[in-house]
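Okay, structure first, notes after.
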């Protein structure tokens, strides 16, 4: 692993300007995963992404940064049809542990996961404190797709998503983006570029621009409560 600062518990994060170009955004290693530490990191545009169980804790701030502006959500014809069909019931914060566990499950071509037992526990504690939120797409009683992320002020940091049925995660993200747009969230952090997110309208911006926007977003008051507007389905 390239040389990066090794953090002692409680030691401040280095400036994001010190993050490596290769691998893109690697800023520091070590430290602890706690609610206070995670909130400190997110407020600075930093997120944890370890290689897996038993590996060092790694902290990242890539340049450029992938974001989704809610008003730029791209809904394809097939996704709009799925959204309007009522095939999925969508909920907020109904099954946080199930969503995190599903996101930690095996992916195509990979047996590992960055969502270690320590990470899982920390994010569920964030949920109990009102900072981690989940969106679930249900097909009957089956969890068909979903996502989770962290919210501070009017900023949402997407962390992970999963799908078990066609468009399950896309439906969850579409509902989230629509509602966050209504609440005045300027952007959703998507961390790093993926074709999946780009197909939904996410795009890269320079890290310096992301940091400027972030400062304004987290200074805003959070929504009074996390729930979908009753007429949200009619917006698709």
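Residue numbers (our numbering): 11 to 246. We put the beta carbon where it would ideally sit given N, CA and C, even for glycine. None of these values were measured; they are calculated from a predicted model.
DSSP places residue 225 inside the alpha helix (DSSP H), whose first and last residues are 217-229. Secondary structure of residue 137 (DSSP, three-state): helix. Per the C-alpha coordinates, the member of 138, 127 and 113 positioned closest to residue 153 is 113. Per DSSP, residue 163 is not a residue of any alpha helix (DSSP H), being assigned neither H nor E. Contact annotation: residue 38 and residue 59 have beta-carbon atoms that are not nearer than 8 Å.
Inside the stretch 57-145, DSSP marks whole beta strand (DSSP E) runs of 3 or more residues at positions 68-70, 75-78 and 99-102, from first to last along the chain. Boundaries of the alpha helix (DSSP H) harbouring residue 191: 178-192, taken from the DSSP string. When the Cα atoms are used, residue 42 and residue 111 turn out to be separated by approximately 21 Å. Look at residue 31 here: in three-state DSSP terms it is coil, with no helix or strand label.
According to the DSSP assignment, residue 46 belongs to the alpha helix (DSSP H) that extends over 45-53.
Per DSSP, the unbroken beta strand (DSSP E) holding residue 37 starts and ends at 36-40. Approximately 7 Å separates the beta-carbon atoms of residue 78 and residue 197; this is inside 8 Å, confirming the contact.
With 16 or more other Cβ atoms from the protein chains shown falling within 10 Å of its own Cβ, residue 201 counts as buried. Under the 10 Å beta carbon count, residue 54 is surrounded by 16 or more other beta carbons and is classified as buried. Counting along the chain, the unbroken beta strand (DSSP E) around residue 199 starts and ends at 198-201. Contact check for residue 190 against residue 170 fails: the beta carbons are separated by 8 Å or more. Non-local C-beta neighbours of residue 150 in its own chain, meaning closer than 7 Å and more than five positions away in sequence, are absent. Out of 144, 160 and 199, the CA that lies nearest to the CA of residue 172 is found in 144. Classified as buried, residue 29 has 16 or more neighbouring CB atoms from the shown chains inside 10 Å of its CB. Each residue's CA atom was taken as its position, placing residue 177 and residue 86 some 11 Å apart.
Less than 8 Å divides the Cβ of residue 194 from the Cβ of residue 164. Following the DSSP letters along the chain, one finds residue 207 inside the alpha helix (DSSP H) bounded by residues 205-208.
Distances from the alpha-carbon of residue 105 to those of 80, 74 and 137 put 137 closest.
In terms of Cβ geometry, residue 52 and residue 215 do not form a close pair [threshold 8 Å].
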